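In my numbering, the protein residues as written are 705 to 835.
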């Protein structure tokens, strides 16, 4: 089993939260907050997505990552189509309350819709020199 695969009997656990903690989260003018998703096993940054208050609460209550799609104007649960699911281990908000960090166990081949493990698989300077 690779480090990105999880046993099929993995248990989903809700993340405890209070209304006071939810009140600490600051949303932008569109009602969204950035969410950075990090792998619990090796701390790799897997992806970035947007959450609104409803998707944040749904993530906390279900223990699975839920996001708001700005292009489709709908909720999406990571992995429902691809099978590459994310199970929340910890969800934190930063000192200003305007960014979330979602630490997950990543199931399947990875988090990126391109099939890569992480969405951050490209680095500046990696491109071949122009001739």
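Using N, Cα and C, we set each Cβ at its ideal position, and we do this for glycine too.
As the structure is a computational prediction, the values presented were derived from the model and not from experiment.
Burial state of residue 722 (16 or more Cβ within 10 Å): The residue given as residue 722 occupies position 18 in the chain shown. With fewer than 16 other beta carbons inside 10 angstroms of its own, residue 722 counts as exposed.
For a test of the three-state rule: what should DSSP assign to residue 745, helix, strand or coil? As a first step, residue 745 is located in the chain shown; it is residue number 41 there, counting from the start. In this structure, residue 745 counts as coil in the three-state DSSP scheme.
Taking a contact to mean a Cβ-Cβ separation below 8 Å, would you say residue 737 touches residue 730 in this structure? Here residue 737 refers to the residue found at position 33 when the chain shown is read from its first residue. Here residue 730 refers to the residue found at position 26 when the chain shown is read from its first residue. Yes, they are a contact pair.
Enumerate in chain order the residues of its own chain whose CB-to-CB distance from residue 724 is below 8 Å, with the five nearest sequence positions on each side excluded. Position 20 of the chain shown, counted from the first residue, corresponds to residue 724. Within the same chain, residue 724 has no close Cβ partners at all.
Neighbour-count burial assignment, residue 706, 16 or more Cβ in a 10 Å radius: Within the chain shown, residue 706 is the residue found at index 2, counting from 1. For residue 706, the predicted structure reports a pLDDT of 43, less than 50, and the residue's modelled location is therefore unreliable. The matter cannot be settled from this model.
Alpha carbon to alpha carbon, what distance is there between residue 804 and residue 817? Taking the chain shown and counting its residues from 1, the one referred to as residue 817 is at position 113. Taking the chain shown and counting its residues from 1, the one referred to as residue 804 is at position 100. About 21 Å.
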